[in-house]
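Below: the structure, in structure tokens.
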Amino acid sequence: MKKAIIPVISILILSQLSFCQQKGDKSVTENNSTSTTFEIEKPDSEWKKILTPEQYQVLREKGTEYAFSGKYYLYDKKGIYRCAACGNPLFDSKTKYHSGSGWPSFYKPIDEDAVVLRPDNSDGMKRTEILCGRCGGHLGHVFEDGPKPTGLRYCVNSIAMEFEKKNKKD
Ligand code: FE
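All you need for the numbering used here is the position in the sequence shown, starting with 1, plus 29.
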């Protein structure tokens, strides 16, 4: 019974990953190398105390939440999205749009230092990873099939973010 379940689970995981894949073979300009150091650096044992197991799996182990499962996928309130690990402001709701991908999508970060981009060749795909610019937490991937004005789609895991309503002071 178990032998039959494992291939089915593998296929499900692979189909989830390919959904967040880019259609073309363009490359986004990464703004940092793999040796970036971050303002907030903590050992894994510390992150495990701060984050839920699900957040840890995405933010520190580069996991991906299931498509259409995240709390912010169809969320349209006005405000900002912060890193769930360190509170760094990442995205403004003004740049959020419905991509149909199954994950919250934005066409640009809140400012140029909010995130760091890195090449990611894991899982047999050529992608560009989005990291929090302050703590290095994994947020998702960016693709070049987004809307104007940037043409980019920042495809982000809901669980890696915390929403904050507008009119609250930063
Ligand atoms: Fe962060």
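From the three backbone atoms N, C-alpha and C, an ideal C-beta is built for every residue, glycine too.
Note that the structure is predicted; figures quoted are calculated from it, not measured.
Alpha helix (DSSP H) segment containing residue i, residue limits
i: K78; result: 73–79
Per DSSP, the bridge partner or partners of residue i
i: L205; result: The shown model of the chain, from 30 to 199, leaves out residue 205, and the question about it has no answer.
i: Y104; result: Y104 is not bridged to any residue.
i: M190; result: C112
i: H19; result: Here the chain has residues from 30 to 199 only, and residue 19 is not among them.
i: Y136; result: Y136 pairs with nothing; no bridge assigned.
i: S125; result: In the sequence on display, residue 125 carries Lys and not Ser. Per DSSP, F135.
Residue burial classification, residue i (beta-carbon count within 10 angstroms, cutoff 16)
i: E68; result: exposed
i: G129; result: exposed
i: Y85; result: buried
i: T93; result: buried
i: S98; result: exposed
i: T81; result: exposed
i: H127; result: exposed
i: R182; result: buried
i: P72; result: exposed
i: P133; result: buried
i: C49; result: Unreliable positioning characterises C49 in this predicted model, as indicated by a pLDDT of 48, which lies under 50. A coordinate reading is not provided.
i: N196; result: exposed
i: G180; result: exposed
i: E90; result: exposed
i: E141; result: exposed
i: E75; result: exposed
i: K125; result: buried
i: G158; result: Residue identity check: residue 158 is Glu in the sequence provided, not Gly. Buried is the call here.
i: P138; result: buried
i: Y95; result: exposed
N-terminal and C-terminal residue of the beta strand (DSSP E) that residue i is part of
i: E173; result: Careful: E173 lies outside any beta strand (DSSP E) and carries neither H nor E.
i: Y183; result: 182–185
i: F97; result: Where F97 is concerned, there is no enclosing beta strand (DSSP E), given that its DSSP letter is neither H nor E.
i: E68; result: Neither: E68 is in no beta strand (DSSP E) and is coded neither H nor E.
i: D152; result: Neither: D152 is in no beta strand (DSSP E) and is coded neither H nor E.
i: P118; result: 118–121
heavy atom of ligand 2 below 7 Å from residue i C-beta
i: S130; result: Here the bound small molecules are ligand 1; ligand 2 is not part of this structure.
- [ ] Say whether the stretch 98–106 touches the stretch 143–161, bearing in mind that this needs 3 or more beta-carbon pairs closer than 8 Å, one atom from each stretch.
- [x] Too few Cβ pairs lie closer than 8 Å, so no.
- [ ] Let me have the residue list for ligand 1: C-beta closer than 5 Å to any non-hydrogen atom, ordered along the chain.
- [x] C112, A114, C115, N117, C161, R163, C164, G166
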